[in-house]
Amino acid sequence: MLLPAAPSLTDPSTFTQVSSNAKGAQISVTSKTWETASFTCDLTQDAIYIHLYKQQEGMAPRRLFYYNVYYSKIEFESGISKAKYTVYKGTGRSYRFAILNLEDSDSGMYYCAVWNRHVSSNFLYTALEILLVAAKCSSGNNPCLTSSPKFSLL
Numbered sequence: 008m009l010l011p012a013a014p015s016l017t018d019p020s021t022f023t024q025v026s027s028n029a030k031g032a033q034i035s036v037t038s039k040t041w042e043t044a045s046f047t048c049d050l051t052q053d054a055i056y057i058h059l060y061k062q063q064e065g066m067a068p069r070r071l072f073y074y075n076v077y078y079s080k081i082e083f084e085s086g087i088s089k090a091k092y093t094v095y096k097g098t099g100r101s102y103r104f105a106i107l108n109l110e111d112s113d114s115g116m117y118y119c120a121v122w123n124r125h126v127s128s129n130f131l132y133t134a135l136e137i138l139l140v141a142a143k144c145s146s147g148n149n150p151c152l153t154s155s156p157k158f159s160l161l
């Protein structure tokens, strides 16, 4: 994947975001560079913590933060900007994750995950629900093939 130079603040380029969750639904959102991209994680089970991971090409996923549902509080990993991400509670088990002030370094695959530990007698297991968010750049008939700077979450 070729990544262009950082866009200017007046760059009109956009990207399209596609997300799918454990229920199989897909949405598409278009935003401009330097604006906000958001996606919804619709949980299929109750959870206390929701984790957000980012994976860049050729790298292992890195946890950015976890969200405490009970206290509505984000706990960021070391080195992650608190001004970059936020979480909004939707209805039911729906949560909206937002990536603010989009820039090239935000490129990657984003995963929200729920870890629940269940104990029954001597049986212990961990359930993991992964919700995938991917985006592709878009520019009319020839996506990603123009010389203008593009933001891409691929």
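Note that the working numbering has the sequence shown beginning at 8, numbered continuously upward.
Quick reminder that beta carbons are idealized off the backbone N, C-alpha and C, glycines included.
Counting along the chain, the unbroken beta strand (DSSP E) around N75 starts and ends at R69 to N75. Residue pairing by DSSP puts K61 in a beta bridge opposite R69 and Y117.
CA-to-CA, the gap between A120 and A44 works out to about 18 Å. Excluding its 5 nearest sequence neighbours in each direction, Q62 has C-beta neighbours in its own chain below 6 Å: P68, G115 and M116, listed in chain order. Around the beta carbon of D113, a 10 Å sphere encloses 16 or more other beta carbons of the protein chains shown; the residue is thus reported as buried.
At a Cβ-Cβ threshold of 8 Å, L71 and I87 count as neighbours. Taken atom to atom, the span from the alpha-carbon of T40 to that of G99 is near 31 Å. According to DSSP, I106 shares a beta bridge with A44 and Y92. Of all alpha-carbon atoms in N75, E110 and K80, the one lying nearest the alpha-carbon of I55 is that of N75. Between Y95 and the set K80, E84, K89 and S85, the nearest pair of CA atoms involves K80. The C-beta distance from E82 to Y73 rounds to 5 Å, short enough to fall under 8 Å. When DSSP states are grouped into helix, strand and coil, S79 belongs to the coil group.
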